[in-house]
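Just below is one structure, and these are the notes that go with it.
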Amino acid sequence: MNSKEQQTSSKVIWPEGIYFDTFQGMSEDTLDFLCDPKAKTSEHFGGQAPLPTLFWTTEIYSLGKCYRSWLNWPWLLPIPVYGDHGVTTHDLLYQHEIQNASRYHLTWNKRRHEITSKQGFKQIIRVPHPWITYRRKLGVTQKSDAKGTLAFIPHGTPEMQMSSFDYSNHIAELQNLPSDYHPIVYCFHVNEIHSKVHLQLIAKNLPVVTLGKADSPMFVDRFYDLASNFKFATSSHGGSELYYCHELGLKFFIKGLPPHYVNEEDGNYPKGTLELDADVLEVEKYDLFRPFPPTESADKDRFISNALGLDVSEEQCKQELIDIFKKEVWRFPGVTLYRLALAFLYKLLGVPTILNLKIRFSRHARN
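This is how it looks when you write it as structure tokens:
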């Protein structure tokens, strides 16, 4: 990150008044503030006003921001296509990826692209992961004095809860790692901050951090701002963080037993206790990243490259996507025109004024 971007990061990546030492962790108040489910202030959005979206999968976790940065797509316009919202090892499209109004589906996974293209539900386009195009554009790299381990704690969703995950044993196993892997900082997803599980670690004076709300455009910046400080990273399952950390240069390892999940409301899975995925790529992931201590290998690099679309030409793919976006955006005139009108009001009256009006209106509607 160059000096100008570094200066900007302290003002924009983390809301004004948020100060913390990466290796000491965040205060309980800071964790709660960053994950406040009711907050829609410009501070939570890095000074950027929130606008309505078309498809959540191509906006969440800063993906919308990254697509716009890469394609020079205006902030005023919605992203008019569906796509993967993380790094998945699942071969087929989920129901929500089929049952939507988009004619296109974007994926970075090579195997998934090959298999879903034969399903016939959508036009499947393989693209480089937008986080990677964004990281390259900013020039973010692992810091030369990187140390310790960033430990990602597994998380559920409002529709799918974790069950039978032993936090105490998992933390104890990590704390017993050799000295080269210390200090260890624990990163919690917004859903687990809401469940207050992190308080167990704070009570033991263990450092806890979070990337905050998943719909914040600053999510990706916060990830790299934190992860770039570390030499190692780990989790008990190896979700999207595994791929992002390895690509950044961290040595990632899977440690501990994976969580089990109970599906209550997610229509993409059968209800009840779920078995772990047995997809080919899921098995290969464990084979590559379970061995300890972690080592570099060409097989790992190939696996990550295939999963993130690192072999896809950015420039060639960029023009194809711009042409698709220009064609598709006016298939959704309602959301497109609403975004334009709301953006005009933000500029005319100011972001705080509009946000306060929306909050007051929503409270009045509930009453």
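Residue numbers (this note's numbering): 25 to 391.
Cβ coordinates follow ideal geometry from the N, Cα and C atoms, glycine included.
Keep in mind it's a predicted model, so treat the numbers as computed, not measured.
Same chain, Cβ closer than 6 Å to residue i, five either side skipped, listed in chain order
i     : result
Ser17 : For the chain, the structure presents residues 25 to 391; residue 17 sits outside this window and is missing.
Distance, residue j Cα to residue i Cα
i      : j      : result
His120 : Gly107 : 10 Å
Tyr310 : Leu334 : 21 Å
Ser168 : Phe277 : 20 Å
Arg92  : Thr81  : 14 Å
His388 : Lys62  : Confidence at His388 is low in this model, with a pLDDT of 36, below 50, so the placement of that residue should be treated as unreliable; the coordinate-derived value is given next. If you take the alpha carbons of His388 and Lys62, they lie about 15 Å apart.
Ser252 : His153 : 18 Å
Asn200 : Ile208 : 10 Å
Gly88  : Leu75  : 11 Å
Glu352 : Lys279 : 43 Å
Asn96  : Cys90  : 10 Å
Leu117 : Thr140 : 7 Å
Thr233 : Glu320 : One detail in the question is off: residue 233 reads as Val in this sequence, not Thr. So the alpha carbons of these two residues sit roughly 27 Å apart.
Phe44  : Tyr268 : 23 Å
Tyr362 : His129 : 24 Å
Val307 : Leu332 : 17 Å
Lys342 : Phe349 : 11 Å
Ser51  : Ala367 : 34 Å
Asp56  : Glu216 : 11 Å
Leu100 : Thr360 : 8 Å
Leu369 : Thr54  : 30 Å
Lys228 : Arg127 : 50 Å
Arg135 : Gly262 : 18 Å
Ala322 : Asp115 : 23 Å
Phe189 : Trp94  : 39 Å
Ala170 : Val111 : 25 Å
Leu266 : Asp204 : 20 Å
Pro202 : Leu305 : 29 Å
Burial state of residue i (16 or more Cβ within 10 Å)
i      : result
Phe327 : buried
Ile175 : Looking at the sequence itself, residue 175 is Ala, so the reference to Ile does not match. With 16 or more other Cβ atoms within 10 Å, it is buried.
Ala365 : exposed
Leu274 : buried
Pro39  : buried
Lys371 : exposed
Trp413 : Beyond the ends of the chain as shown, which are 25 and 391, falls residue 413; an answer cannot be given.
Phe254 : buried
Ser264 : buried
Leu198 : buried
Pro315 : exposed
Gly49  : buried
Gln31  : In this prediction, Gln31 has a pLDDT of 33, which is less than 50 and means its spatial position is unreliable; nothing more can be read from the coordinates.
Lys142 : exposed
Gly358 : exposed
Glu398 : Summary: the structure shown does not reach residue 398, with the chain confined to residues 25 through 391, and so no result is reported for it.
Trp354 : exposed
Leu223 : exposed
Pro98  : exposed
Gly163 : exposed
Ser386 : Summary for Ser386: the model assigns pLDDT 39, below 50, so the residue's position carries little reliability; its value from the coordinates is reported in the next sentence. Burial call: exposed.
Pro283 : buried
8 Å contact criterion, which residue i and residue j should meet: CB distance rounded
i      : j      : result
Arg150 : Trp132 : 7 Å
Ile37  : Asp249 : 5 Å
Asp303 : Thr113 : 5 Å
Phe256 : Pro318 : 7 Å
Ser260 : Leu281 : 6 Å
His137 : Ile148 : 6 Å
Ile195 : Leu225 : 7 Å
Contacting residues, own chain, Cβ-Cβ under 8 Å from residue i (five flanking each side not counted)
i      : result
Lys324 : His270, Leu312, Phe313
His218 : Cys59, Pro61
Phe356 : Leu78, Pro102, Pro104, Ala125
Val221 : Ile177, Tyr191, Phe212
His109 : Trp80, Thr81, Thr82, Ile84, Tyr85, Leu87
Same chain, Cβ closer than 7 Å to residue i, neighbours up to 5 away in sequence not counted
i      : result
Glu338 : Pro152, Thr157
Ala238 : Ile84, Tyr85, Val214
Phe47  : Gly172, Pro207, Val209, Pro231
Ser329 : Asp335
Phe145 : Leu117, Ile122
Gln166 : Ser252, Leu272, Gly273, Leu274
Asn193 : none
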